[in-house]
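In this text, residue positions in the sequence shown follow our numbering: the first is 317, and each later residue adds one.
Notes follow once the structure below has been shown.
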Amino acid sequence: MKRIILIGYMGAGKTTIGRAMSRELDMMFYDLDWYIETRMHRSVAQIFAEKGEESFRKMEYNMLHEVAEFENVIISCGGGTPCHFDNMDYLNRQGETVYLKARAEVLCGHLKMCRVERPLIKGKSGEELQRFVAEQLKLREPYYNKAKHHLDVSLMDNYEKIKISVAAVREMLGV
Numbered sequence: 317m318k319r320i321i322l323i324g325y326m327g328a329g330k331t332t333i334g335r336a337m338s339r340e341l342d343m344m345f346y347d348l349d350w351y352i353e354t355r356m357h358r359s360v361a362q363i364f365a366e367k368g369e370e371s372f373r374k375m376e377y378n379m380l381h382e383v384a385e386f387e388n389v390i391i392s393c394g395g396g397t398p399c400h401f402d403n404m405d406y407l408n409r410q411g412e413t414v415y416l417k418a419r420a421e422v423l424c425g426h427l428k429m430c431r432v433e434r435p436l437i438k439g440k441s442g443e444e445l446q447r448f449v450a451e452q453l454k455l456r457e458p459y460y461n462k463a464k465h466h467l468d469v470s471l472m473d474n475y476e477k478i479k480i481s482v483a484a485v486r487e488m489l490g491v
């Protein structure tokens, strides 16, 4: 039984690395946000808008406890998942947690290119986004740093570097 759990701020590449590892290791891949959206028949943005962040976090907690019981899986958590309830401690008990770490300016670059609507950053200018991400990282890093493994993915900006990051995670975990 193996569970690999990827955490980090939005835009760090959790889904990208998770999908690539899933193909290489022939393991199922679950993006927690996608799982929630599929189960609830609503986007994360819609859930935030209709029910608010607190309701979303409770829903996320419940769905996390479902997915993290699956076997032989790679799970990509939402950026805030480890920071609520006892989620980070729970994740560490459930499997091998990997913090994909990147600098705020790198994350902002990834988020600006991203076509997915993200409720926490919707409508922010470049400067506002930079400030927001830097502040959020300061608040979230104590949780992220509890992960069993850490990998700097600041230079993951093309396909070759993604392959290198996937190989680094695999080597780190011995898989």
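Note that beta-carbon positions come from the ideal geometry of N, C-alpha and C, so glycine has one too.
Between L427 and C393, the gap from beta carbon to beta carbon reaches 8 Å or more. Contiguous beta strand (DSSP E) elements confined to the region 331-366 occur at 344-347, taking only those with 3 or more residues.
DSSP lists R319 and M344 as the beta-bridge partner residues of V389. Counting along the chain, H426 sits inside the alpha helix (DSSP H) bounded by residues A420 to M429. Across the structure, N474 and A328 are spaced so that their CA atoms are roughly 13 Å apart. About 30 Å separates the beta carbon of L341 from that of V449, a gap too long to meet the 8 Å contact definition. Counted as a single uninterrupted DSSP element, the alpha helix (DSSP H) harbouring K479 occupies residues Y475 to L489. Checking the DSSP bridge columns, you'll see L467 partnered with L416. Beyond the five residues adjoining it in sequence on each side, S338 comes within less than 6 Å, by CB distance, of F345 and I390 in the same chain, given in chain order. Measuring C-alpha to C-alpha distances from N408 to each of F401, K477, A463 and S359 identifies A463 as the nearest. Remark: C-beta atoms of T413 and I480 do not approach each other more closely than 8 Å. Comparing C-alpha distances from A484 to each of I333, C424, K318 and L455 shows the shortest one belongs to I333.
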